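Novice: Read in the UniProt record's numbering, the sequence shown has 22 at position 22, and its numbers run on one by one without any break. By construction, the Cβ of each residue, glycine as well, lies at the ideal position given by its N, Cα and C atoms. In this text the structure is predicted, and so the values were computed from the model without any measurement.
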Amino acid sequence: MAAAKSSVIKKAACQRWERRNKLDKVEAALKMDPETFQKTYLVQKPKPEDENIIFHCQIGKRGARAAETAVTLGYTKVCNYAGGYKEWSEKEGK
1 MAAAKSSVIK
11 KAACQRWERR
21 NKLDKVEAAL
31 KMDPETFQKT
41 YLVQKPKPED
51 ENIIFHCQIG
61 KRGARAAETA
71 VTLGYTKVCN
81 YAGGYKEWSE
91 KEGK
């Protein structure tokens, strides 16, 4: 149960800081030292080995590019919610 909760927290943190950035700033954010990241986004910086780092955007394109950027920076367990918020909200009936 603790692992599942941890994954949800990491996902929420990732969403919070990625949402605040335009795509061109994702790389800069992931290159920040952990202290600067924490001060800037008020969440703990994901580690390259963290599981379930999920990027998303409205339809999936920017999320995919952000995930690709993270992989080039050494993040190994990154994924993109391909349908984006649009698909998720349609499936949820919202």
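How is V78 classed by DSSP in three states: helix, strand or coil?
Specialist: strand
Novice: Note down, in chain order, each residue of its chain lying with its Cβ closer than 7 angstroms to the Cβ of G84, except the 5 sequence neighbours on either side.
Specialist: H56, C57, Q58, I59, G60, G63
Novice: Should G74 and P34 be called a contact, given that it needs their Cβ atoms to be closer than 8 angstroms?
Specialist: no
Novice: With DSSP run on the structure shown, which of helix, strand or coil describes A3?
Specialist: Summary for A3: the model assigns pLDDT 46, below 50, so the residue's position carries little reliability, and this model does not support an answer.
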